[in-house]
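Engineer: Numbering-wise, the first sequence is residues 42 to 464 according to this note's numbering.
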Amino acid sequence: MLDIRLIRDNPDQVKQRLAGRSGDFASLVDEVLAIDTQRRAAETERQKLQSDRNRISKEIGIAKKNGQDTSAIETEVRGIGGRIEEIGREADVADARQRDLLLSIPNLPHEACPVGSTAEENPEVRVWGVKPDFAFQPKDHTVLGAALGMLDFEAGVKITGSAFVVYRGAGARLERALISFLLDLHTTQHGYEEISPPLLVKPECLEGTGQLPKFGDQVYHSPEDNLYLIPTAEVPVTNLHRDEIVPLEKLPIQYAAYTPCFRREAGSAGLGTRGLIRMHQFDKVELVKITTPETSMGELESLTANAEKVLQLLGLHYRVIELCTGDIGFGSAKTYDIEVWAPGQGTYLEVSSCSNFGDYQARRMNLRYKDENGKNRIPHTLNGSGTALARLFVALVETYQQADGSILIPEAMRGHFGSAKIG
RNA sequence: GGUGAGGUGGCUGAGUGGUCGAAAGCACAUCUUUGCUAAAGAUGCGUAGCCUUAACAGCUACCGAGGGUUCGAAUCCCUCCCUCACCGCCA
């Protein structure tokens, strides 16, 4: 969430920065300012009354010790108690309301974030490799997957429902090999610590990373336990340090985590998409960093490069785009998307979204660090997929398909997969 | 799931209704002194909010969480959560 002091001191600047986003947040800013004034007035009044009560109660104690009668003074202070309760309730209501409002205001896009209103205005940052040439008509991964007994969409529907899939045989093995390839790369080459977190989290975790309260309809929820299935490993992993003060020496913190991800995709237009492109459950290796504010933009570049390395090693053609202010995520200040080429689809697929959240998430989850002067400061959090699995699977299978319907396994993966070819 | 014990500042640990935000020790920081792989002493050392500010200071809240009793709660009462131990169940 945004710092209330920033909003209080520079309301116009805040509104202007938010104006680049889709949606109107100026009125929310005004509302927060109004409630902030109310809240502080009530708070000040409450504290003054409490101070009075403390002072008088102390006097009563002393008087009683001296054997004096205190009934008159007790009656007086009883009245103060009533008023404290009344004004205190007002202050608490205003405080809760202010927090709610702050939680529903998105992050300010960074100055460096390109201005634009829709995805069409996202600038292309760089391109790696070229679209592969085929001497035949490349097939779709669903066709290849069915022919080779790797993907069973009917079984997914049978046991759970649409947009769930069963991987089997070489498909299951390839998925598993990809996961360990990604984890090994990031932990041994890029300096990330491997994390295997719980897949169910408390609501405060989702609030910390920004999914709640606004996007509650997108996550699976178990009401009996009040636990949520994670939509991304970003949630449990970033929240490892919720309510903590991290020592400076530990920064930057770098975590890599493989988890399945669960998304309801409520109201999503893409749910009808064929194959693995948009599932309710998919695997992902997520990269998370916690850094000082001074270094976070540099860390975003290295995090993105770490994710790109995956595609380079696998020899998959991709491009990197930067999201404009109108397309950027709720909590993000700056975001790169990595899109891999899928020949069978004839389109680029988003396999990674690398974002710098600035202090937005850290403030929500009360995460701080001690700087060199021993002062508590708010760090920056970043995350990016390194990478999303189902779509990486698609790109790999479609790119390396052969005329006879078999699939070659790229050199870098063979050790993990155990053979050079499927089919 | 059952029974028992317990949750106090970075750590250990006192504190059962009134100058307790909390003794003492450890750790840490600065300074002083003696000196040399250290010792002694002094001072400081939690978090958040409010009010002010050039800065200091001041005030309020926080002793697992939330309620209650009281003029006044770390301390009494209720509910919940968590930790540990043992038992039960179990991949």
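Cβ atoms here follow ideal geometry from the backbone N, Cα and C, with glycine treated the same way.
It should be emphasised that the depicted structure is a prediction, and the values quoted were computed from it without experimental measurement.
Pick from G456, D181, L270: whose alpha carbon is nearest that of L241?
Structural biologist: When each option's Cα is compared against that of L241, the closest is L270.
Engineer: Figure out for me which residue from L226, A429, D445, I463 has the closest Cα to the Cα of F177.
Structural biologist: For F177, the nearest C-alpha among the options comes from D445.
Engineer: I want to know whether the segment 435 to 453 touches the segment 407 to 415 - three or more CB-CB distances under 8 Å.
Structural biologist: no
Engineer: Would you kindly report the start and end of the unbroken alpha helix (DSSP H) that includes V435?
Structural biologist: 430 to 440
Engineer: Taking only the alpha-carbon atoms, compute the straight-line gap between L53 and D71 and give it to the nearest angstrom.
Structural biologist: The displayed chain sequence assigns Asp, not Leu, to residue 53. When rounded, the distance between both Cα atoms is 10 Å.
Engineer: Taking just the CA atoms, how far does A298 sit from S237?
Structural biologist: 6 Å
Engineer: Less than 8 Å between C-beta atoms, sequence neighbours within five positions excluded: which residues of the same chain meet that for I200?
Structural biologist: For I200, same chain residues with a beta-carbon under 8 Å away, outside a window of 5 residues either side, are V207 in chain order.
Engineer: Under 9 Å between the Cβ atoms of I419 and R404?
Structural biologist: yes
Engineer: May I ask you to report which of helix, strand or coil DSSP gives S426?
Structural biologist: strand
Engineer: Considering Cα atoms alone, identify which of D133, V73, G102 is closest to V118.
Structural biologist: G102
Engineer: What does the Cβ neighbour count give for I286, buried or exposed, with the cut at 16 atoms within 10 Å?
Structural biologist: exposed
Engineer: Does the Cβ-Cβ distance between Y401 and G257 come in under 9 Å?
Structural biologist: no
Engineer: Between A82, H182, T345, K105, which has its C-alpha nearest A135's C-alpha?
Structural biologist: A82
Engineer: Please list the terminal residues of the continuous alpha helix (DSSP H) segment that includes A453.
Structural biologist: Taken as a continuous stretch (DSSP letters only), the alpha helix (DSSP H) holding A453 covers 452 to 458.
Engineer: Specify, as a first and last residue, the run of the beta strand (DSSP E) that I236 falls within.
Structural biologist: 234 to 236
Engineer: Scan the segment 208 to 294 and note each continuous beta strand (DSSP E) run of 3 residues or more that stays entirely inside, going in chain order.
Structural biologist: 234 to 236, 268 to 270, 286 to 288
Engineer: Return the CA-CA distance between A436 and D193, expressed in angstroms with no decimal places.
Structural biologist: 18 Å
Engineer: Taking DSSP's pairing of strands, which residues face V381 in a bridge?
Structural biologist: Looking at the DSSP assignment, V381 forms a beta bridge with Y359, L390.
Engineer: Mind checking whether F398 and G425 have CB atoms under 9 Å apart?
Structural biologist: Against a cut-off of 9 Å, the Cβ pair of G425 and F398 comes out as no contact.
Engineer: To the nearest angstrom, how far is the alpha carbon of A113 from that of I97?
Structural biologist: 12 Å
Engineer: Since D77 contacts R49 with CB under 8 Å, what's their CB separation in whole angstroms?
Structural biologist: 6 Å
Engineer: Measure the alpha-carbon distance for A374 versus G316 and round it to whole angstroms.
Structural biologist: Those two C-alpha atoms are separated by around 32 Å.
Engineer: Tell me which same chain residues have a C-beta within less than 8 Å of the C-beta of S139, skipping the five on either side of it?
Structural biologist: The amino acid at residue 139 is misidentified as Ser; the sequence shows Gln. The beta carbon of Q139 lies closer than 8 Å to those of I45, V73, I76, D77, R80 in the same chain, with the five residues before and after it left out.
Engineer: Please classify P254 as buried or exposed, where buried requires at least 16 neighbouring CB atoms within 10 angstroms.
Structural biologist: Exposed, by the Cβ-count rule.
Engineer: Given a cut-off of 9 Å on the beta-carbon distance, is the pair A218 and H457 in contact?
Structural biologist: In this structure, the beta-carbon distance from A218 to H457 falls below 9 Å.
Engineer: Could you give the DSSP three-state label for S112: helix, strand or coil?
Structural biologist: helix
Engineer: In the DSSP output, which residue or residues are listed as bridge partners for R418?
Structural biologist: Y410
Engineer: Residues in the same chain with beta-carbon distance under 7 Å from S447, minus the five sequence neighbours each way, listed in chain order, please.
Structural biologist: Within the same chain, Cβ atoms closer than 7 Å to the Cβ of S447 are found at K462, I463, G464, the five residues on either side in sequence being excluded.
Engineer: For L328 and Y233, I'd like the C-alpha separation in whole angstroms.
Structural biologist: Taking C-alpha positions only, L328 is separated from Y233 by approximately 8 Å.
Engineer: Would you mind giving the Cβ-Cβ distance between L355 and A453, rounded to the nearest angstrom? I have them listed as a contact below 8 Å.
Structural biologist: 6 Å
Engineer: Kindly indicate the opening and closing residues of the beta strand (DSSP E) around D324.
Structural biologist: Taken as a continuous stretch (DSSP letters only), the beta strand (DSSP E) holding D324 covers 322 to 332.
Engineer: In the DSSP output, which residue or residues are listed as bridge partners for P301?
Structural biologist: Bridge partners of P301: D324.
Engineer: DSSP three-state call for K12: helix, strand or coil?
Structural biologist: Any answer about residue 12 is impossible in this case: the structure gives the chain only from 42 up to 464.
Engineer: Just the Cα atoms here: how many angstroms apart are Q353 and A346?
Structural biologist: 10 Å
Engineer: Quick one: give me the first and last residue of the beta strand (DSSP E) that K165 is part of.
Structural biologist: It should be noted that the sequence gives Glu, not Lys, for residue 165. Where E165 is concerned, the enclosing beta strand (DSSP E) stretches over 165 to 169.
Engineer: Can you check DSSP and say which residues form a bridge with C395?
Structural biologist: Y377
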